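In the working numbering, the protein residues as written are 1154 to 1774.
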Amino acid sequence: MPYTPDAPLEPHQIPVLPGTNKVISRSFDDRLLTAEFDDALADQAPWKNSRYEGSKLKGKKINEFNAPETGQVSIGTAIIEDNFIVGNFPVGLVGWEGDQTIGLDPVINNQTTAIYIANSVIGGNEDNQFTTIKNHSYIGISKILLIDDISDEVQIIDRVAEPFNVFHRFITNDFPTGEKCSVKIIDESISSNVRDTYRVKMNKGYLLKTLDFKFAGEKSGSLTAAGKNFNSGSCLTENNSLYLYKGGDLTLRAFHTGSLNVEPIVESRKEIIRFRYGVNEVINAGIASSVGGGDGEDVERNKVTVDNLGPNYISSSIIQNKFTQQYYTGSYGNFQHITEPADAAFQIDLIEATAFSSASRFIGVDTLQFLSNNNDDTTLDEQDKTELHVTFFEGTKDFSSGSFDERSISTFEIDRNQSLLTTVDPCQGGLPRTHELILKGVNDTRFEPLTPTFFDTIQNAFFETSGSHGCTSQSLAIQNQGGTNDLKQLVQSGISIDSISSASIFIQGGAIGAIGYAGAVLTGSTSPSYYNPLGGAMKVDNFYSGSFDYQLSFLDKDHTLIVDLDKESELFDGIGENGLLIIPNHLKSTIKDNLEYYLEKAGIKTKTTNTKQNLNYSTKK
């Protein structure tokens, strides 16, 4: 009713609790003080976590539960390895501290509803155009079946009709490197010997072989300078020349000659993974034949020879492919090698005629330049850009320590962001100053070898302008530019030497083999000597079988998996016309248990049944 000044006021209504006559009051006397609290609640996770400890789940892997990794722990007699870790885990644990989850369920489930059809399987040593990876196969995927296990609808995605990135995203999501998968020949009439599970080692495409390094058979001779044949015209045989390593202290121009007024510069390098594919150990350049005596007098020595270079690339070759055709204009096949060119006027003329020089220019200049240009080209689609990889020992050595990824097939990606290895000094002839590649993995440990390391010293010489003389004649007598037992006595004018000390070596090779020597040193005379074999510092994983071989390859991006499937022994009759079924490890059980049914629904197989298996999926993950 409308308010009027003369209308009587209605009495104030006292609020009460709904359905009762109990007055709502803030008075302490009116409060309910008879409630009970169960003390057991205080120890339950829903009570503690929300109030004090916080709510957090932690898991090591998707789709699986991982218990704590325990083992015997001791200190007194422990051998401290490179991967020794202190403080990350509680005492008694040697690895993962255990998932924090509810019961034994995975923290995260991410199951797929897709199955894959492959139309090609190429053995790892079947086709010479691809990088050799023994006991593995390249599996090319042509179709994806996306399945709705509720409606039983099947959608077929064909690689031809789908954009590259969209199709490829399915593959990389369902087949990450290191993950398990299984295979099934669709045509059951074809015999096979396939296993239950396989490991995906790479999921990016084919590795097109680009440079194939084969050990030329050089062997170590006498360990004394007096026994060395400097005119053999072969290569470095007194020490190793191939190193997969990280770190070390780099001394720029640790030794230099001529009128260069520079002081050595020491750089402590980051733990970057590097592959040294060759060295020029020119410090063992000649044998003294006494002409005069005393410091400061001329000492006649043999001229610099190719005995200082290693390894010998005469058995190695450049392979033609879609990428090398875009930048390389020379001859394919084995490198040409001339030991003593008749027109060699300067030091660099002698070096440039060797297979070592041709290989180093191809690797460190031409190939790196193309890799950079290819990835910077904005006109190219993503699938047309490439990566550069190096594979050791035909993929037979595991550097992954059980991770089953690219490292397990001895394969590493080369960092495309590294600087080109060329030097501007004309006396180096456009050749790399240092013969090595930087591998990817500075900020991503997934690419780092997990094998233990040992220390060694790596030395490499290069040529540069020496005072008013310009480039030095290769036949110039070596001058005694230092005192007794000084390395400067062993190099010509115009030669400088970079030295890497305390380099952490994963593996090394060359004329010596897996066990090298701790660099060239002087032993009471002006002759360099090699001693102190490193075998005592090496672990089992630092060794390898056979010779040190490697292959460089460009990645041809494709819908292709590299899997530890040995085609020759497991798919000896091929895969037939219907292809090979590739099954992700985390495929939903409702689909995995009815593969035949869904293949028939998709028209891949002849229809034999219209029903699925009647299973209790409530307990299946």
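Using N, Cα and C, we set each Cβ at its ideal position, and we do this for glycine too. Bear in mind the structure is a predicted one, so any value in this text is a computation, not a measurement.
Kindly indicate the opening and closing residues of the alpha helix (DSSP H) around residue 1176. Start at 1 with the first residue of the sequence shown, and residue 1176 comes out as number 23. Run containing residue 1176: none; DSSP gives neither H nor E here.
With DSSP collapsed to three states, give me the class of residue 1199. Against the sequence shown, residue 1199 aligns to sequence position 46. DSSP places residue 1199 in the helix class (H, G or I) of the three-state scheme.
Sufficient close CB pairs (3 or more, under 8 Å) joining the region 1539 to 1552 to the region 1495 to 1507: Three or more beta-carbon pairs separated by less than 8 Å are not found between the region 1539 to 1552 and the region 1495 to 1507, which leaves the two stretches without contact.
Looking at C-alpha atoms only, which residue of 1306, 1274 and 1504 is the closest neighbour of residue 1586? Translated into positions along the sequence shown, residue 1586 becomes position 433. For the residues 1306, 1274 and 1504, the minimum Cα distance to residue 1586 belongs to 1504.
C-alpha gap between residue 1437 and residue 1337, whole angstroms: Counting from 1 along the sequence shown, the entry for residue 1437 is found at position 284. Counting from 1 along the sequence shown, the entry for residue 1337 is found at position 184. Note that residue 1437 has pLDDT 48, beneath the 50 cutoff, so the model's placement of it is unreliable and no number is given.
When the Cα atoms are used, what is the spatial distance from residue 1489 to residue 1506? Start at 1 with the first residue of the sequence shown, and residue 1489 comes out as number 336. Start at 1 with the first residue of the sequence shown, and residue 1506 comes out as number 353. In a straight line, the C-alpha of residue 1489 is about 8 Å away from that of residue 1506.
Output the residue ranges of the alpha helix (DSSP H) runs that lie fully inside the region 1297 to 1355 and measure 4 residues or longer, sorted by chain position. Here the runs fully enclosed are 1317 to 1327.
Short check: CB of residue 1310 to CB of residue 1320, under 8 Å? For the purposes of this step, residue 1310 is identified with residue 157 of the sequence shown, where counting begins at 1. For the purposes of this step, residue 1320 is identified with residue 167 of the sequence shown, where counting begins at 1. Yes, these two residues count as a Cβ contact at 8 Å.
Can you tell me which residues form a DSSP beta bridge with residue 1588? If you number the sequence shown from 1, residue 1588 lands on position 435. Residue 1588 pairs with nothing; no bridge assigned.
Comparing alpha-carbon positions, which option in 1297, 1174 and 1431 lies nearest residue 1269? The residue given as residue 1269 occupies position 116 in the sequence shown. The option with the nearest alpha carbon to residue 1269 is 1297.
Using the DSSP secondary-structure output, state which residues sit across from residue 1609 in a beta bridge. For the purposes of this step, residue 1609 is identified with residue 456 of the sequence shown, where counting begins at 1. According to DSSP, which records beta bridges pairwise, residue 1609 is partnered with 1656.
Counting along the chain, where does the beta strand (DSSP E) carrying residue 1426 start and finish? Start at 1 with the first residue of the sequence shown, and residue 1426 comes out as number 273. Segment 1426 to 1429, the beta strand (DSSP E) holding residue 1426.
Tell me which same chain residues have a C-beta within less than 8 Å of the C-beta of residue 1486, skipping the five on either side of it? As a position in the sequence shown, residue 1486 is number 333, starting the count at 1. So the qualifying residues of the chain are 1470 and 1471.
Cβ-based neighbour list, residue 1748, same chain, cut-off 8 Å, excluding 5 preceding and 5 following: Along the sequence shown, read from residue 1 onward, the residue named residue 1748 stands at position 595. Within the same chain, residue 1748 has close Cβ partners 1268, 1337, 1734 and 1736.
What do you reckon, are the CB atoms on residue 1547 and residue 1354 nearer than 8 Å? The sequence position of residue 1547 within the sequence shown is 394, counting from 1. The sequence position of residue 1354 within the sequence shown is 201, counting from 1. By the CB criterion at 8 Å, residue 1547 and residue 1354 fall outside the cutoff.
Spell out a yes or no on whether the region 1722 to 1730 and the region 1335 to 1352 are touching, meaning 3 or more CB-CB pairs, one atom from each, closer than 8 Å. In short, these stretches touch, since the Cβ pair count reaches three.
With distances taken between CB atoms, is the gap from residue 1518 to residue 1703 smaller than 8 Å? The residue you call residue 1518 lines up with position 365 of the sequence shown. The residue you call residue 1703 lines up with position 550 of the sequence shown. Not a contact, by the Cβ cut-off of 8 Å.
Own chain, CB closer than 6 Å to residue 1373, minus 5 neighbours either side, in chain order: Taking the first residue of the sequence shown as 1, we reach residue 1373 at position 220. Correct list, in chain order: 1390, 1664 and 1665.
Who does residue 1511 pair with in a DSSP beta bridge? Counted from its first residue, the sequence shown places residue 1511 at position 358. In the DSSP output, where bridge partners are listed per residue, residue 1511 has none listed.
To the nearest angstrom, how far is it from the Cα of residue 1647 to the Cα of residue 1662? On the sequence shown, residue 1647 is found 494 positions in, with the first residue counted as 1. On the sequence shown, residue 1662 is found 509 positions in, with the first residue counted as 1. Their Cα atoms are separated by approximately 29 Å.
Under the three-state DSSP convention, the category residue 1561 falls into: One-based indexing of the sequence shown puts residue 1561 at position 408. The answer is helix: DSSP assigns residue 1561 an H, G or I state.
Whole-angstrom C-beta distance between residue 1400 and residue 1657, which should lie under 8 Å: Residue mapping note: residue 1657 aligns to position 504 of the sequence shown, counting from 1. Residue mapping note: residue 1400 aligns to position 247 of the sequence shown, counting from 1. 5 Å between Cβ atoms; contact.
Closest by C-alpha distance to residue 1434, when choosing among 1615, 1751, 1718 and 1693: Here residue 1434 refers to the residue found at position 281 when the sequence shown is read from its first residue. Each of 1615, 1751, 1718 and 1693 was checked against the Cα of residue 1434, and the nearest Cα belongs to 1615.
I'd like to know whether the C-beta atoms of residue 1292 and residue 1708 end up nearer to each other than 8 Å. Counting from 1 along the sequence shown, the entry for residue 1292 is found at position 139. Counting from 1 along the sequence shown, the entry for residue 1708 is found at position 555. The answer is no: Cβ separation not under 8 Å.
Would you call the region 1599 to 1612 and the region 1520 to 1530 touching, i.e. three or more CB-CB distances under 8 Å? A contact is defined here as three or more CB-CB pairs under 8 Å, and the region 1599 to 1612 fails this definition with respect to the region 1520 to 1530.
Since residue 1393 sits in a beta bridge, which residues does DSSP pair it with? As a working mapping, residue 1393 is identified with position 240 in the sequence shown. Bridge partners of residue 1393: 1663.
Which of helix, strand or coil does DSSP assign to residue 1168? The residue you call residue 1168 lines up with position 15 of the sequence shown. In the three-state reduction of the DSSP assignment, residue 1168 falls in the coil class.
Residue span of the alpha helix (DSSP H) that contains residue 1501, given as start and end: Numbered from 1 along the sequence shown, position 348 holds the residue referred to as residue 1501. Residues 1500 to 1505.
Closest to residue 1421 by C-alpha separation, out of 1618, 1295, 1553 and 1404, would be which residue? Numbered from 1 along the sequence shown, position 268 holds the residue referred to as residue 1421. Of 1618, 1295, 1553 and 1404, the smallest CA-CA separation from residue 1421 is found for 1404.
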